[in-house]
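Chemist: These protein sequence lines are chains A and B, in that order. Numbering follows my numbering, with no gaps: position 201 of the first sequence is 232. Numbering follows my numbering, with no gaps: position 97 of the second sequence is 128. Backbone N, C-alpha and C define an ideal beta-carbon position, used for all residues, glycine too. Quick caveat: nothing in here was measured; it's all calculated off a predicted structure. Pasting a structure below so you can have a look.
Protein chains: 2
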Amino acid sequence: MTDDGGPVLGRHASARATLGSVAALAGVSKQTVSNVINSPRIVRDETARRVTAAIAELGYRPHRAASQLRTRRSRVLGLRVQNRFTDAVFDRFLHALTDAAGALDYRIMLYTAPDDDAEIRAYGELLDRWDLDGFVLTGTHPGDERTSYLSQAGVPCVTFGRPWDDSGHHPWVDVDGASGTRMATQHLISQGHRRIGFLGWPDSSGVGGDRLAGWAGQVKAAGLPVLLPSRAVNDAVHGRAAAAELLDRTDPTAIICASDVLALGAMAEISARGMKVGEQIAVIGFDDTDISEVGGLSSLAQPLVEVASHSARLIAALIEKPSADPPEHVLLLPTLVIRGSSTAVHH
Amino acid sequence: MTDDGGPVLGRHASARATLGSVAALAGVSKQTVSNVINSPRIVRDETARRVTAAIAELGYRPHRAASQLRTRRSRVLGLRVQNRFTDAVFDRFLHALTDAAGALDYRIMLYTAPDDDAEIRAYGELLDRWDLDGFVLTGTHPGDERTSYLSQAGVPCVTFGRPWDDSGHHPWVDVDGASGTRMATQHLISQGHRRIGFLGWPDSSGVGGDRLAGWAGQVKAAGLPVLLPSRAVNDAVHGRAAAAELLDRTDPTAIICASDVLALGAMAEISARGMKVGEQIAVIGFDDTDISEVGGLSSLAQPLVEVASHSARLIAALIEKPSADPPEHVLLLPTLVIRGSSTAVHH
DNA sequence: CGGTACCGTTGGATCGATCCAAACAATTCA
DNA sequence: TGAATTGTTTGGATCGATCCAACGGTACCG
Chain A
32 MTDDGGPVLG
42 RHASARATLG
52 SVAALAGVSK
62 QTVSNVINSP
72 RIVRDETARR
82 VTAAIAELGY
92 RPHRAASQLR
102 TRRSRVLGLR
112 VQNRFTDAVF
122 DRFLHALTDA
132 AGALDYRIML
142 YTAPDDDAEI
152 RAYGELLDRW
162 DLDGFVLTGT
172 HPGDERTSYL
182 SQAGVPCVTF
192 GRPWDDSGHH
202 PWVDVDGASG
212 TRMATQHLIS
222 QGHRRIGFLG
232 WPDSSGVGGD
242 RLAGWAGQVK
252 AAGLPVLLPS
262 RAVNDAVHGR
272 AAAAELLDRT
282 DPTAIICASD
292 VLALGAMAEI
302 SARGMKVGEQ
312 IAVIGFDDTD
322 ISEVGGLSSL
332 AQPLVEVASH
342 SARLIAALIE
352 KPSADPPEHV
362 LLLPTLVIRG
372 SSTAVHH
Chain B
32 MTDDGGPVLG
42 RHASARATLG
52 SVAALAGVSK
62 QTVSNVINSP
72 RIVRDETARR
82 VTAAIAELGY
92 RPHRAASQLR
102 TRRSRVLGLR
112 VQNRFTDAVF
122 DRFLHALTDA
132 AGALDYRIML
142 YTAPDDDAEI
152 RAYGELLDRW
162 DLDGFVLTGT
172 HPGDERTSYL
182 SQAGVPCVTF
192 GRPWDDSGHH
202 PWVDVDGASG
212 TRMATQHLIS
222 QGHRRIGFLG
232 WPDSSGVGGD
242 RLAGWAGQVK
252 AAGLPVLLPS
262 RAVNDAVHGR
272 AAAAELLDRT
282 DPTAIICASD
292 VLALGAMAEI
302 SARGMKVGEQ
312 IAVIGFDDTD
322 ISEVGGLSSL
332 AQPLVEVASH
342 SARLIAALIE
352 KPSADPPEHV
362 LLLPTLVIRG
372 SSTAVHH
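Laid out in structure tokens, this is it:
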């Protein structure tokens with residue numbers, strides 16, 4: 032079999048390039064080649080040029096496993112695949128994170144776990160066998176023990192989501208849900224609404240509580256009645272039932288929902304009652320998923336690309352120079368995307 | 032610092048267990064320990080017992096990078112994160128695949144690529160630097176060059192999706208969309224429908240063509256009019272417009288859609304015209320996403336857990352014994368989940 | 001002119017598992 | 001009993017990159 036041209040797919044080259052072969056071609060030692068790659072400053076310019084040329088000519092790519100064996104650094108981050116994250120948000124985040132990590136030369140390795148305890152049990156294997164450099168955790172919640180476990184073990188991690196109880200000795204990135212629902216409320220008020228309800232999740236702590244608080248605060252600040260929220264687990268069927276209850280009990284002209292899925296349920300209920308979404312009752316969702324676009328649903332969009340790039344940046348920093356500085360926290364604002372569900376004329 | 036108890040998190044143990052330390056404890060050579068793990072049959076029972084005990088006592092876990100350096104096997108599979116797969120299907124597949132691969136001691140590593148060419152360009156780096164053992168490809172389509180590229184390079188791969196043109200020299204797993212839409216059509220006929228339309232994607236080859244063919248075949252076989260399908264790119268807005276066009280042009284009493292997203296658009300249009308979905312016009316979607324559950328949309332559910340476990344099994348087999356046997360192909364049937372959108376009384 | 005300092009470079013040991021060939025033990029057969 | 005056979009176990013080299021200690025060379029200083 033002949034070499035089929037170039038180092039595009041190393042597997043086919045007659046012999047894959049190694050530090051040694053590059054060194055031989057450049058007429059220097061292996062160590063110098065390594066230095067050119069890892070600590071360019073200590074190498075003389077002219078030497079560096081020769082080595083760089085040799086690297087290019089051979090299409091040399093450092094072999095991770097070899098490096099990893101010596102340094103105990105894998106350049107791989109662990110990410111748990113959630114069964115159902117906040118709906119359709121997870122896969123967009125996944126894509127953005129893979130990109131952002133890749134830009135810093137990190138890769139994402141997936142794992143699953145039925146619950147947090149199982150996840151914690153899985154860490155040992157992922158660290159011992161695979162040398163993961165760190166974890167990106169999503170879906171933080173009150174009582175979350177994962178971060179304290181990891182930081183105690185000295186393993187770098189970032190969370191997408193604030194720590195809801197401990198003081199947060201790790202870096203995190205989050206989206207300010209309260210500001211989002213505050214914006215949504217303000218928008219509805221400016222459209223003339225006076226009875227604005229909230230359709231949330233059963234759990235009033237964590238993310239759900241945050242989104243609820245923004246609505247409640249703004250409604251109260253405007254001197255409007257704070258209608259008791261209705262609650263449902265995050266699927267459209269329960270959302271619809273809870274919306275029905277909310278409509279019957281509080282007679283609102285607008286409903287802000289903790290998620291698009293709940294909003295979908297609410298819209299279904301409103302339509303089923305022969306009313307028009309946006310005209311008789313305004314609805315605003317959260318997450319700006321496909322659902323929103325179809326249904327003409329106003330919704331709060333999370334800046335997932337930014338969340339991902341900050342996450343990658345923070346964990347890379349933590350891995351590369353474990354500093355004593357206080358960890359950085361990033362809180363981003365969602366964007367209100369206005370569609371027909373909150374702007375059609377009403378009354 | 033003292034050893035904080037047990038090998039749960041190896042990083043903290045005073046010294047991590049290696050083949051050597053296990054061998055010393057068991058009073059055998061490193062090679063024998065390795066044999067116990069990798070080729071148990073050639074080791075005497077009593078020796079194996081001693082070694083196994085030592086492994087347990089030290090909480091030994093083989094270090095992948097070391098093994099990988101020697102064997103060129105990483106036990107890692109590459110998977111491209113699609114921006115938008117067939118909606119909400121991807122993240123469920125991802126979860127199932129991570130699980131299924133994990134059960135065979137493989138891990139999933141993600142990568143992104145804007146298009147197929149970029150993906151092919153990315154293979155080199157993933158193979159050379161990371162030693163990926165193989166790829167799980169999704170979203171196959173006519174003209175797909177990824178599989179031929181990989182098989183030419185001798186890299187194992189499985190596809191979720193049939194090869195739509197080449198003869199398929201690689202194993203694949205797919206869901207029989209035509210059978211699905213055939214079942215859906217039959218179901219509608221049994222509900223008394225005579226004018227059954229189809230709302231599909233612009234591209235009539237590949238997945239979309241398959242789903243369309245099932246509908247067309249069954250309608251024709253029943254001696255009913257084959258109404259010219261309407262087509263739209265896969266989002267609800269275009270789906271709604273295309274549904275409007277279909278309703279105007281062919282006056283159907285039922286519509287089968289190539290996806291739930293399109294079905295959502297269709298339902299929106301039907302409601303907007305003051306008609307009731309299921310009563311005046313039946314709708315059936317594809318993928319059985321959350322959308323279906325809320326909207327009471329009948330839909331074809333893909334058996335993603337099975338797809339994932341077959342995919343994992345097939346690629347693992349290919350990696351572990353690259354045989355000359357013809358590659359295995361698995362075609363699974365979707366399940367028709369019947370809801371109100373296709374059963375409410377009509378006429 | 002010898003000594004200290006620094007800079008760039010080098011050889012060799014090392015990470016932890018697996019490959020291979022050779023050594024050893026147990027069993028069979030002439 | 002000795003030789004041939006089969007079955008287990010072992011030492012040492014190896015994968016490819018990085019760590020570390022030591023090297024020769026140039027510059028500067030007293």
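Are the C-beta of L125 (chain A) and some C-beta of chain B separated by less than 9 Å?
Modeler: As a position in the first sequence, residue 125 (chain A) is number 94, starting the count at 1. So yes, L125 (chain A) belongs to the interface.
Chemist: Quick one, which of B:G155, B:D136, B:R123, B:D162 has its alpha-carbon nearest T169 (chain B)'s?
Modeler: Taking the second sequence and counting its residues from 1, the one referred to as residue 169 (chain B) is at position 138. T169 (chain B) has its Cα closest to that of B:R123, out of B:G155, B:D136, B:R123, B:D162.
Chemist: So, is V59 (chain A) buried or exposed, given that buried needs 16 or more other C-beta atoms within 10 angstroms?
Modeler: The residue labelled residue 59 (chain A) in the question sits at position 28 within the first sequence. V59 (chain A) is buried by the Cβ-count criterion.
Chemist: Go to S330 (chain A), then tell me how far its beta strand (DSSP E) extends in each direction, as first and last residue.
Modeler: In the first sequence, residue 330 (chain A) corresponds to position 299, counting from 1. That run of the beta strand (DSSP E) goes 329-332.
Chemist: Taking 8 Å as the threshold, find out whether the stretch 348-360 of chain B comes into contact with the stretch 320-331 of chain A through three or more Cβ pairs.
Modeler: No, because fewer than three Cβ pairs between the stretch 348-360 of chain B and the stretch 320-331 of chain A fall closer than 8 Å, the two stretches do not touch.
Chemist: Given that E324 (chain A) touches chain B, what residues does it touch there, using C-beta distances under 9 Å?
Modeler: Looking up residue 324 (chain A) in the first sequence gives position 293. Within 9 Å Cβ-Cβ: D266, A267, V268.
Chemist: Starting from I322 (chain A) and walking both ways along the alpha helix (DSSP H), at which residues does that stretch end?
Modeler: For this step, residue 322 (chain A) is matched to residue 291 along the first sequence. It spans 321-326 - the alpha helix (DSSP H) in which I322 (chain A) sits, taken as one unbroken run.
Chemist: May I have the straight-line CA-CA distance separating K61 (chain B) from F166 (chain A), to the nearest angstrom?
Modeler: If you number the second sequence from 1, residue 61 (chain B) lands on position 30. If you number the first sequence from 1, residue 166 (chain A) lands on position 135. Separation of K61 (chain B) and F166 (chain A) (C-alpha to C-alpha, rounded to the nearest whole angstrom) is 32 Å.
Chemist: Quick one: what does DSSP say T83 (chain A) is sitting in, helix, strand or coil?
Modeler: Mapped onto the first sequence, residue 83 (chain A) falls at position 52. Reduced to three states, the DSSP call for T83 (chain A) is helix.
Chemist: Going by beta-carbon coordinates alone, are D130 (chain B) and A339 (chain B) separated by less than 9 Å?
Modeler: Translated into the one-based positions of the second sequence, residue 130 (chain B) becomes position 99. Translated into the one-based positions of the second sequence, residue 339 (chain B) becomes position 308. Going by C-beta atoms, D130 (chain B) is nearer than 9 Å to A339 (chain B).
Chemist: Could you tell me whether any Cβ in chain B is nearer than 9 Å to the Cβ of L141 (chain A)?
Modeler: Within the first sequence, the letter at position 110 stands for residue 141 (chain A). Output row for L141 (chain A): interface = yes.
Chemist: Go to M140 (chain A), then tell me how far its beta strand (DSSP E) extends in each direction, as first and last residue.
Modeler: By 1-based counting over the first sequence, the position of residue 140 (chain A) is 109. Counting along the chain, the beta strand (DSSP E) containing M140 (chain A) begins and ends at 138-142.
Chemist: Sort out for me which residues DSSP pairs I227 (chain B) with in a bridge.
Modeler: Numbered from 1 along the second sequence, position 196 holds the residue referred to as residue 227 (chain B). Per DSSP, B:A285.
Chemist: Straight-line CA distance for A127 (chain B) to S342 (chain B)?
Modeler: Counted from its first residue, the second sequence places residue 127 (chain B) at position 96. Counted from its first residue, the second sequence places residue 342 (chain B) at position 311. Answer to the nearest angstrom: the Cα atoms are 10 Å apart.
Chemist: Using the Cα positions of G110 (chain A) and W161 (chain B), report the straight-line distance between them to the nearest angstrom.
Modeler: Taking the first sequence and counting its residues from 1, one reaches residue 110 (chain A) at position 79. Taking the second sequence and counting its residues from 1, one reaches residue 161 (chain B) at position 130. Checking the sequence shown, residue 110 (chain A) turns out to be Leu, not Gly. For L110 (chain A) and W161 (chain B), the distance between alpha carbons rounds to 18 Å.
Chemist: Does F121 (chain B) get closer than 9 Å to chain A when you measure Cβ to Cβ?
Modeler: The residue given as residue 121 (chain B) occupies position 90 in the second sequence. It does; some Cβ of chain A falls within 9 Å.
Chemist: What does A94 (chain B) reach in chain A if we use C-beta pairs closer than 7 Å?
Modeler: Indexing the second sequence from 1 puts residue 94 (chain B) at position 63. Here residue 94 (chain B) is His; the residue named in the question, Ala, does not match the sequence. Neighbours of H94 (chain B) on chain A, chain order: R160.
Chemist: With a Cβ-Cβ cutoff of 9 Å, do T366 (chain A) and Q222 (chain A) count as a contact?
Modeler: Working through the first sequence from its first residue, we reach residue 366 (chain A) at position 335. Working through the first sequence from its first residue, we reach residue 222 (chain A) at position 191. Contact: no.
Chemist: For the putative contact between R262 (chain B) and W232 (chain B), defined by C-beta atoms under 8 Å, what is the C-beta separation to the nearest angstrom?
Modeler: Taking the second sequence and counting its residues from 1, one reaches residue 262 (chain B) at position 231. Taking the second sequence and counting its residues from 1, one reaches residue 232 (chain B) at position 201. Yes, they are in contact, since the Cβ atoms of R262 (chain B) and W232 (chain B) sit about 6 Å apart, within 8 Å.
Chemist: Answer yes or no: does any C-beta atom of chain B fall closer than 9 Å to that of S236 (chain A)?
Modeler: The residue labelled residue 236 (chain A) in the question sits at position 205 within the first sequence. Chain B, which has no Cβ nearer than 9 Å to the Cβ of S236 (chain A), makes this no.
Chemist: Please check if any C-beta of chain A sits within less than 9 Å of the C-beta of Q222 (chain B).
Modeler: Along the second sequence, read from residue 1 onward, the residue named residue 222 (chain B) stands at position 191. Chain A, which has no Cβ nearer than 9 Å to the Cβ of Q222 (chain B), makes this no.
Chemist: Might you give, ordered along the chain, the residues of its own chain that have their beta carbon closer than 8 Å to the beta carbon of D146 (chain A), omitting 5 neighbours on each side?
Modeler: For the purposes of this step, residue 146 (chain A) is taken as residue 115 along the first sequence, with counting starting at 1. Closer than 8 Å at the Cβ level, and outside the excluded window around D146 (chain A), lies no residue.
Chemist: Would you mind listing the alpha helix (DSSP H) stretches within the stretch 129-175 of chain B that are 4+ residues and don't spill past its ends, in chain order?
Modeler: 147-159
Chemist: Hey, could you find the ends of the alpha helix (DSSP H) G237 (chain B) is sitting in?
Modeler: As a position in the second sequence, residue 237 (chain B) is number 206, starting the count at 1. Counting along the chain, the alpha helix (DSSP H) containing G237 (chain B) begins and ends at 237-252.
Chemist: Is the distance from the Cβ of L258 (chain B) to the Cβ of I227 (chain B) below 9 Å?
Modeler: To locate residue 258 (chain B), count along the second sequence from 1; it is residue 227. To locate residue 227 (chain B), count along the second sequence from 1; it is residue 196. Contact flag set, yes.
Chemist: Counting only C-beta atoms, is G296 (chain B) closer than 9 Å to chain A at any point?
Modeler: The count along the second sequence starts at 1 and reaches residue 296 (chain B) at position 265. Chain A, which has a Cβ nearer than 9 Å to the Cβ of G296 (chain B), makes this yes.
Chemist: Apart from the five residues on each side of it in sequence, which residues of its chain come closer than 7 Å, Cβ to Cβ, to G239 (chain B)?
Modeler: As a position in the second sequence, residue 239 (chain B) is number 208, starting the count at 1. Here the set comprises G231, W232, A289.
Chemist: Exposed or buried, V53 (chain B), counting other C-beta atoms within 10 Å across all chains shown (16 or more means buried)?
Modeler: Counting from one through the second sequence, the residue named residue 53 (chain B) turns up at place 22. That one is buried.
Chemist: For a cutoff of 9 Å on Cβ pairs, would you count R271 (chain B) as touching chain A?
Modeler: Working through the second sequence from its first residue, we reach residue 271 (chain B) at position 240. Interface annotation, R271 (chain B): in contact with chain A, CB-CB separation under 9 Å.
Chemist: H271 (chain B) and E300 (chain B): beta carbons closer than 9 Å?
Modeler: In the second sequence, residue 271 (chain B) corresponds to position 240, counting from 1. In the second sequence, residue 300 (chain B) corresponds to position 269, counting from 1. Reading the sequence as shown, one finds Arg at residue 271 (chain B) and not His. Using a Cβ distance threshold of 9 Å, R271 (chain B) and E300 (chain B) count as a contacting pair.
Chemist: Closer than 9 Å, CB to CB, is D321 (chain B) near chain A or not?
Modeler: Taking the first residue of the second sequence as position 1, residue 321 (chain B) is located at position 290. By this cut-off, D321 (chain B) is an interface position.
Chemist: Within 9 Å of any Cβ in chain A, is that where the Cβ of S70 (chain B) sits?
Modeler: Mapped onto the second sequence, residue 70 (chain B) falls at position 39. No, S70 (chain B) lies away from the interface with chain A (no Cβ there is under 9 Å from its Cβ).
Chemist: Please decide whether Q311 (chain B) counts as near chain A, where near means a Cβ-Cβ distance under 9 Å.
Modeler: Translated into the one-based positions of the second sequence, residue 311 (chain B) becomes position 280. So, not an interface residue.
Chemist: How would you label H378 (chain A), buried or exposed, when you count the other beta carbons within 10 angstroms and need 16 or more for buried?
Modeler: For the purposes of this step, residue 378 (chain A) is taken as the residue at position 347 of the first sequence. With a pLDDT of 45 at H378 (chain A), under the threshold of 50, the predicted position of this residue should be treated as unreliable, though the coordinate-derived value follows. Exposed.
Chemist: Determine, using beta carbons only, whether A294 (chain A) and I312 (chain A) come nearer to each other than 9 Å.
Modeler: Position 263 of the first sequence, counting from 1, holds the residue named residue 294 (chain A). Position 281 of the first sequence, counting from 1, holds the residue named residue 312 (chain A). Going by C-beta atoms, A294 (chain A) is not nearer than 9 Å to I312 (chain A).
Chemist: Would you list the one or two residues that DSSP bridges to W203 (chain A)?
Modeler: Position 172 of the first sequence, counting from 1, holds the residue named residue 203 (chain A). W203 (chain A) is bridged to A:T190, A:H360.
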